[in-house]
Amino acid sequence: MKLLKILAATTAVAVLLAAPAYAQTRIALVVKSLGNGFFDAANKGAQEAAAELGDVEVIYTGPTAATAEAQIEVVNSLIAQQVDAIAISANDPDALVPVLQKAMERGIKVISWDSGVAPEGRQLHLNPSDIGLIGETIIKLAADYLPEGGDVAILSAASTATNQNAWIEAAKAAIPAKFPNINLVSVVYGDDDSVKSTDEAKGLIASYPDLKAIIAPTTVGVVAAAQVVTDQNLIGKVNVTGLALPSEFKQFIDNGASQAVALWNPIDLGYSAVMLANDLVKGEEAKPGATLSMGRVGEVTLDDTNSGAMAAPFQFDKSNIEEFSKIY
Amino acid sequence: MTDTPHRHLPDRLDNPLKSAILSWESLLVLVAVAIFIVNSFSSPYFLNAWSLSDLTFNFTEKALIALAMALLIISGEIDLSVAAIIALASTLMGFALQYGADTPVLVAIGIGTGIACGAFNGFLVTGLKLPSIVVTIGTMSLFRGISFIILGDQSFKGYPASFAWFGQGYVFWVISFELVLFAVAALVFYVLLHRTNFGRRVYAIGNNDVAAKFSGVRVERVKFILFCLTGLMSGMAAVLLTARLGSTRPSIAEGWELEAITMVVLGGVSILGGAGTIIGVVLAALIMGLVTFGLGLLNVPGIVMSIFIGALLIIVIALPILYRQLRSRR
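Keeping their order, the protein sequence lines are chains A and B. Mapping the first sequence onto UniProt numbering, position 247 (from 1) lands on 247, and the numbers just tick up by one. Mapping the second sequence onto UniProt numbering, position 193 (from 1) lands on 193, and the numbers just tick up by one.
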């Protein structure tokens, strides 16, 4: 009985607390996992967008382990909080669909960015860049410093990561026509885990003695690979390249383990994701051919699957790494 | 021990009421109520029928495994391959789906795979007399490895709506099928452990399997059945999780073995075997769900959540031990 009374009292208080409605638009920026420099930079852009819009609050959240199951728990708690929009970079394109459909059924706008969700699980998807262009760029980064060609290998994130897999497919497609003397010998998966990525990089170097470059299209893998090359005194022999966050990677451009890496601007990506989510909350419709505003970044036009590309990847080398490493 | 034939011998020497109040389960009830109240005060969104319903999805599948795992740990064994069994069962269901299997067949394959994997573990442990921790570390890699071979970086999807109902459907209003299944399973395991001869044998084996053997308990057979049961529950969890995700990838349910074992230990089951209750495990599952969901509502980062669960585990385990030490010192 006493327990019931306590519960009743708690309920009453909670209802009172719930009463004042929030005038603000709340947009949740859900990332693959917290503690990743890339996503922290995206959050910086998201907060910038929120400040610019004025009446928007950005909730930056994500699981500790980069798994679909953990991300579903995060989305469930956001549904319970009745946020206005969810902008998610998904750990799995399919597994998140049912829970995101549930979110949409309860009136929440859902967009995906960076790593996408299958079309039935979101209203629109914002690609940081064009898949074909990224695939080509990561091979070009290696090929530019291999005039005579040679063996290269790819160190990816999880074998289930949507974006990485798409880029690798595009890279494979670009090799025969544009980089005929580049020989892709292997694709391995470091799961965006420093230890596993390090082991996989060591494995590549041991298995392929003629390896000229390791291409890691992930910010965790590229640092691990560059550290392995540095530790094993292979600077000048194996060039590490891929997609890297300048602030995390600057030391490896400086010491020569890497000639150049590329990335889009995650600040712009987080900024654009919040702008697009806000467009939908304000009543704009996401449909093929629609053009939506991304504030200072420009406009995006949606294709048949309601996805659009933000901008082309940007190359960092000795000439500009200093400047960009201070930004993100 | 006096051995007068007509004298009533009590089951226990403590006063039953006093021991019930001081029991682990009452402590867990207190913790659960405390967290419930804190949650209600700290987030305006917590006390909502749909929120509470969504909350249950955070633990039902893992808790189903924890029920069987509890019996296994009480008997002095362990199964670390449960999450890998989910991966393999889910992969085989997806594989069958490609050949047009419908819902009843999919469910049968999921549960059948679970039982087969459990029986394989049980055979290695009881037939070949290998330590269960070693066997199941091995089968953990084996089962998930097979999934990776079949799927690589691909996924199976397109499960029928009637199948999705198992993981997303509601029996009545906000009461999900998963929650009902968990309640039924908890009841079945309660009866099995606390109200049958089989349950008494599980305790006897966990306390002293040599003595149990000399008392006529078929130790190996009981342990084999327990491994099959754990496999069965993992297969069931695989059906629910696959239905909830609507897709299969080889990385499905990664790390769940530790979460299931955490529930069992938090529920007061002795990791050394021989002691523990189903009620404790059910309460522990509820507490883990309440904590993760409550912190999620406050948008607390996941790493803080892990720290919180770890601290909770240590506190709940340390409290009774400290209490006993204090009392014995007096």
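Cβ atoms here follow ideal geometry from the backbone N, Cα and C, with glycine treated the same way. If you're wondering where the values come from, they're calculated on a predicted model, not measured in any experiment.
Anything in chain A within Cβ reach of glutamate 220/B, meaning under 8 Å, just list it in chain order.
Going along chain A, no residue has its Cβ under 8 Å from glutamate 220/B, so there is no contact; the nearest lies around 35 Å.
Terminal residues of the alpha helix (DSSP H) in which glutamine 251/A lies
246-254
Listed in chain order, which residues of the segment 55-78 of chain B have Cβ atoms closer than 7 Å to some Cβ of chain A?
Phe57 and Asn58
Span separating the alpha-carbon of leucine 326/B from that of leucine 22/B:
15 Å
Helix or strand or just coil, what does DSSP make of leucine 128/B?
coil
Inter-residue spacing [alpha-carbon to alpha-carbon] between threonine 126/B and alanine 225/A
44 Å
Closest Cβ-Cβ distance between isoleucine 35/B and chain A: below 7 Å?
no
Which chain B residues sit within Cβ distance under 9 Å of valine 97/A?
Lys157, Leu245, Gly246 and Ser247
If you count every other CB in all the chains shown that lies within 10 Å of the CB of tryptophan 173/B, and 16 or more means buried, which is it?
exposed
Phenylalanine 316/A, DSSP secondary structure in three states
strand
Assuming asparagine 43/A contacts leucine 29/A (C-beta within less than 8 Å), just tell me the rounded distance between them.
6 Å
Taking 7 Å as the CB-CB cut-off, is glutamate 254/B touching chain A?
yes
For glycine 235/B, return the contacting residues in chain A, with the cut-off set at a CB-CB distance below 9 Å.
Per Cβ cutoff of 9 Å: no residues; glycine 235/B is ~17 Å from chain A at best.
Cβ neighbours of lysine 196/A in the same chain (closer than 7 Å, five flanking residues each side left out)
Gly190
List in chain order: all unbroken beta strand (DSSP E) runs of 3+ residues lying wholly within the segment 172-258 of chain A.
182-189, 211-216 and 239-242
What separation, rounded to the nearest whole angstrom, lies between the Cα atoms of isoleucine 131/A and alanine 174/A?
11 Å
Please report the distance separating the alpha-carbon of tyrosine 93/B from that of alanine 119/B.
Going by the sequence as given, residue 93/B is methionine instead of tyrosine. The alpha-carbon atoms of methionine 93/B and alanine 119/B are separated by roughly 19 Å.
If the cut is a Cβ gap below 8 Å, which residues of chain A does threonine 292/B touch?
Glu73
Contact with chain B by glutamine 81/A, beta-carbon distance below 7 Å
yes
For the alpha helix (DSSP H) containing arginine 244/B, list its first residue and its last residue.
219-245
Measuring straight from C-alpha to C-alpha, what distance separates glutamate 299/A and threonine 248/B?
36 Å
Quick one: does the C-beta of glycine 190/A sit closer than 6 Å to a heavy atom of the ligand ZN?
In the structure shown, the ligand ZN is absent, as is every other ligand, since no ligand is present at all.
The segment 258-284 of chain B: which residues have C-beta closer than 8 Å to a C-beta of chain A, in chain order?
none
Whether or not the segment 100-114 of chain A and the segment 62-82 of chain B are in contact is what I'm after, with contact meaning three or more pairs of Cβ atoms, one per stretch, closer than 8 Å; do they touch?
no
Just curious, the beta strand (DSSP E) that tryptophan 113/A is in, first and last residue?
109-113
Glycine 310/B CB to nearest chain A CB: under 7 Å?
no
Of the choices Val264/B, Val282/B, Val202/B and Leu181/B, whose alpha-carbon is the least far from that of phenylalanine 236/B?
Correcting the residue type first, residue 236/B is methionine in the shown sequence and not phenylalanine. Cα-wise, what sits closest to methionine 236/B is Leu181/B.
Proximity winner among Gly310/B, Gly268/B and Gly255/B, relative to alanine 65/A (alpha-carbon distances)
Gly255/B
Quick one: does leucine 286/B have its CB under 7 Å from some CB of chain A?
no
In chain A, what lies closer than 7 Å to glutamine 168/B by C-beta?
Pro98
Mark glutamine 47/A as exposed unless 16 or more other C-beta atoms lie within 10 angstroms of its C-beta, in which case mark it buried.
buried
Please report the straight-line C-alpha distance between glycine 121/A and isoleucine 235/A, rounded to a whole angstrom.
45 Å
For cysteine 228/B and lysine 178/A, what's the separation of their Cα atoms in angstroms?
56 Å
At a CB distance below 8 Å, what residues from the segment 214-236 of chain A approach chain B? Give them in sequence order.
none
Given that a residue counts as buried once 16 or more other Cβ atoms are within 10 Å of its Cβ, and exposed if not, what is leucine 16/A?
Interpretation of leucine 16/A is limited by its pLDDT of 43, a score under 50 that renders its predicted location unreliable; no figure is taken from the coordinates.
So which residues on chain B does glycine 116/A lean against when the C-beta distance must stay under 8 Å?
Result: empty, since nearest Cβ-Cβ is about 14 Å, beyond 8 Å.
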